[in-house]
Amino acid sequence: MRVATTPTQLLEGFPVGPQPTACQHCGDILQEGDRATVFAARPADTDQWAIHRPYCLTCSPDTIRHPTVGCTELLAQCRLGTRADLATQQTRLVVLEPELTDSSPPTNRATDPRAMPVPPR
Ligand SMILES: [Zn+2]
Numbered sequence: 001m002r003v004a005t006t007p008t009q010l011l012e013g014f015p016v017g018p019q020p021t022a023c024q025h026c027g028d029i030l031q032e033g034d035r036a037t038v039f040a041a042r043p044a045d046t047d048q049w050a051i052h053r054p055y056c057l058t059c060s061p062d063t064i065r066h067p068t069v070g071c072t073e074l075l076a077q078c079r080l081g082t083r084a085d086l087a088t089q090q091t092r093l094v095v096l097e098p099e100l101t102d103s104s105p106p107t108n109r110a111t112d113p114r115a116m117p118v119p120p121r
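So for the sequence shown, the working numbering puts the first residue at 1; every next one is plus one.
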């Protein structure tokens with residue numbers, strides 16, 4: 001079944017990662033209540049979205065500088081909240097109130113030679 005949704009609906013409540021989760025660029029710890037920018041991508045051949053890179057506000061890119069061919073990509077500012085799973089006693093950071101700042105269709109490719117290098121994982 002396919003369900004149509006907007007990017008902001010899609011990202012609301014989306015898990016960012018286990019706590020603690022660090023900014024992918026500077027390594028600062030991101031916590032509940034922080035503002036952050038998240039980068040989400042979906043390969044064209046699946047329905048699965050994944051959030052790959054949360055950034056702290058200082059490191060937040062304004063645009064997708066490294067579009068990936070074959071992936072739909074979204075960049076959104078948000079607040080971080082937590083979702084608790086009482087059964088496993090784990091909390092995860094989730095996206096709250098996302099505001100889309102950029103998006104890239106699967107056909108896009110990087111053309112900017114000054115493109116920001118992808119931070120090492
Ligand atoms: Zn940072």
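We put the beta carbon where it would ideally sit given N, CA and C, even for glycine.
Worksheet item: With DSSP run on the structure shown, which of helix, strand or coil describes L11?
Response: helix
Worksheet item: Which residues in the same chain have their Cβ closer than 6 Å to the Cβ of A115, if we skip the five residues on either side of it in sequence?
Response: For A115, the pLDDT reaches just 45, beneath the cut-off of 50, and the residue's location in the model is therefore unreliable, although a value from the coordinates is still provided. Closer than 6 Å at the Cβ level, and outside the excluded window around A115, lie R65 and H66.
Practice prompt. Could you spell out where the beta strand (DSSP E) holding I64 opens and where it closes?
Written response: Per DSSP, I64 is not a residue of any beta strand (DSSP E), being assigned neither H nor E.
Worksheet item: Buried or exposed: which applies to C26, given that a residue is buried once 16 or more other Cβ atoms fall within 10 Å of its Cβ?
Response: exposed
Worksheet entry | Where the beta strand (DSSP E) containing T68 begins and where it ends | The continuous stretches of beta strand (DSSP E) do not include T68, and DSSP gives it neither H nor E.
Worksheet item: If we call anything under 8 Å between Cβ atoms a contact, is L11 one with P106?
Response: no
Item to complete: Quick one: grab the DSSP three-state call for A22.
Response: strand
Discussion item. For R79 and I29, I'd like the C-alpha separation in whole angstroms.
Written reply: When rounded, the distance between both Cα atoms is 14 Å.
Item to complete: Report the rounded CA-to-CA distance for G70 versus Q89, giving the unit in angstroms.
Response: About 37 Å.
Discussion item. Any residue with its Cβ nearer than 6 Å to a heavy atom of ligand 1 should be included. What is that list in chain order?
Written reply: C23, H25, C26, D28, Y55, C56, T58 and C59
Practice prompt. Please find out if some non-hydrogen atom of ligand 3 comes closer than 7 Å to the beta-carbon of W49.
Written response: No copy of ligand 3 appears in this structure; the ligands present are ligand 1.
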